[in-house]
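Numbering (mature numbering (1 follows the signal peptide of the UniProt record, and there is no 0)), first residue to last: -31 to -1, 1 to 307.
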């Protein structure tokens, strides 16, 4: 005859085995069910910029079967040197249904006084690619035909020549400062824009004499004979028919370390690991897709593929190091106070 104690002991043992299995099954089911609704991709620039075109491309690929297979809607937020999108994402559920594009510029933004969140409020999914920028002027500008012309004009007309580039406190702002401080650079005023699309539009329209943007945004205007490229903001020249003869910063004698812009994605901290893995794998597939390599890159010669994902601890550690290094530079140029 089986005792009550024996029966109870057997029941407890069965539950001890069954409960972890049930939790494991639940976790697996959760992963299999994700994603089951549209995903919000927050793009931290303005529509019409080069980065906006990239965000739209990534969203379109992610929505395909074999990637995420659900609609991926692009939302543009870039106010207050990108504090607006950062705050927005921090206020959304940590469920993997809101992902945010971010860039190297955030190593500056997280040092700005109004940025009240720390990087630890987020998890970095991946760094996707690097971007090269070029400086252009109108071909009919009577004074500015070459980089040497820009240097000379800025020297002879102190404070009168500005260059349009992205956002106050961004990597582009830092690079403009580096150009002005380089012995072979030009004393240019920084003219902030919310995206490079606006820079190109204003140079083409004659409202801005000098602008910096992705070569892919300049190219149609170069082909039309409206814009003349004068400098590529890279250590080497760009291997593209419209830019092959355009000097690099090294060719004109500048020696500053180029703060190369990169693009990537993050989510709110606390997002389940399995969902972050699914997102990272899907982003990696986009970086390896024929559309990205053969269509997008062909139209955008400024793109340098450089996907890094998987080791989220390493990505965050590297980012925090960059935030600290950038802070030292911001303090040195007195952009922020200690």
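Where a beta carbon is used, it is the ideal one built from N, C-alpha and C, also for glycine.
#### Entry: Sub-8 Å separation of residue 131 and residue 160 beta-carbons
Judged by their CB atoms, residue 131 and residue 160 are nearer to each other than the 8 Å cut-off.
### Task
List the residues that DSSP assigns as beta-bridge partners of residue 72.
Bridge partners of residue 72: 232.
### Message
Taking its Cβ as the centre, do 16 or more other Cβ atoms sit within 10 Å of residue 300, making it buried, or is it exposed?
### Response
Classification of residue 300: exposed, given that the 10 Å Cβ count is below 16.
#### Entry: Inside the segment 52 to 116 only - beta strand (DSSP E) runs reaching at least 3 residues
As far as the segment 52 to 116 is concerned, its whole beta strand (DSSP E) runs of at least 3 residues are 67 to 72, 91 to 100 and 102 to 107.
### Task
Using 10 angstroms around the beta-carbon of residue 293, count the other beta-carbons present and answer buried if the total reaches 16, otherwise exposed.
Flag for residue 293 reads exposed.
### Task
Report all residues from its chain with a CB closer than 6 Å to the CB of residue 111; omit the five preceding and five following residues, and keep chain order.
In its chain, beyond the 5 residues on either side, no residue has a beta carbon closer than 6 Å to the beta carbon of residue 111.
### Message
Can you check which of these residues, 199, 221, 69 and 266, is closest to residue 12 by C-alpha distance?
### Response
Residue 12 has its Cα closest to that of 69, out of 199, 221, 69 and 266.
### Message
In whole angstroms, give me the CA-to-CA distance for residue -3 and residue 221.
### Response
No answer about residue -3 holds up, because its pLDDT of 45 lies below 50 and its placement is not dependable.
### Query
Counting Cβ pairs, one atom from each stretch, are 3 or more of them under 8 Å apart for the segment 229 to 247 and the segment 59 to 77?
Yes, since at least three Cβ pairs between the segment 229 to 247 and the segment 59 to 77 fall closer than 8 Å, the two stretches touch.
### Query
Where residue 142 and residue 34 are concerned, what is the direct C-alpha to C-alpha distance, given to the nearest angstrom?
Their Cα atoms are separated by approximately 39 Å.
### Query
If we call anything under 8 Å between Cβ atoms a contact, is residue 256 one with residue 97?
The Cβ atoms of residue 256 and residue 97 lie closer than 8 Å to each other.
### Message
Would you call the segment 44 to 57 in contact with the segment 183 to 193, where contact means no fewer than 3 C-beta pairs closer than 8 Å?
### Response
Taking a cut-off of 8 Å for Cβ pairs, the segment 44 to 57 and the segment 183 to 193 do not touch, as fewer than three such pairs fall below it.
### Task
With a cut-off of 8 Å on the beta carbons, I'd call residue 228 and residue 101 a contact; round off their distance for me.
Cβ-Cβ separation between residue 228 and residue 101: approximately 12 Å, too far for a contact (criterion under 8 Å).
### Query
Is it buried or exposed for residue 172, if we count other Cβ within 10 angstroms and need 16 for buried?
By the 10 Å Cβ count, residue 172 comes out buried.
### Task
Please confirm if the segment 24 to 40 is in contact with the segment 53 to 60, defined as three or more CB-CB distances below 8 Å between the two stretches.
As far as the Cβ criterion goes, the segment 24 to 40 does not touch the segment 53 to 60, which means the pair count is below three.
### Query
How about residue 216 and residue 116: do their beta carbons lie closer than 8 Å?
In this structure, residue 116 lies closer than 8 Å to residue 216 by Cβ.
### Query
Going straight from the alpha carbon of residue 155 to that of residue 302, what length do you get?
Going by the C-alpha atoms only, they are around 16 Å apart.
### Query
When you compare only the Cα positions, how much space is there between residue 296 and residue 18?
Computed Cα separation, rounded: 27 Å.
### Query
Skipping 5 residues on each side, what residues in its chain have a beta carbon closer than 6 Å to that of residue 134?
Around residue 134: 141, 145 and 181.
### Buried or exposed by the 16-neighbour rule on C-beta atoms within 10 Å, applied to residue 288
For residue 288, the number of other beta carbons within 10 angstroms of its own is at least 16, and it is reported as buried.
#### Entry: Cβ shell of residue 275 (< 6 Å), same chain only, five flanking positions each side left out
Result list for residue 275: 98 and 99, in chain order.
### Task
Indicate whether residue 94 and residue 249 have their beta-carbon atoms separated by less than 8 Å.
Taking 8 Å as the Cβ cut-off, residue 94 and residue 249 qualify as a contacting pair.
### Residue closest to residue 149, alpha-carbon to alpha-carbon, out of 124, 80 and 208
For the residues 124, 80 and 208, the minimum Cα distance to residue 149 belongs to 124.
### Message
Starting from residue 131, trace the alpha helix (DSSP H) in both directions and tell me its first and last residue.
### Response
Element bounds for residue 131: not the alpha helix (DSSP H) but the beta strand (DSSP E), 131 to 135.
### Task
Measure the beta-carbon distance from residue 103 to residue 177 and round it to whole angstroms, keeping in mind my assumption that it falls under 8 Å.
Actually they are not in contact, since the Cβ atoms of residue 103 and residue 177 sit about 15 Å apart, beyond 8 Å.
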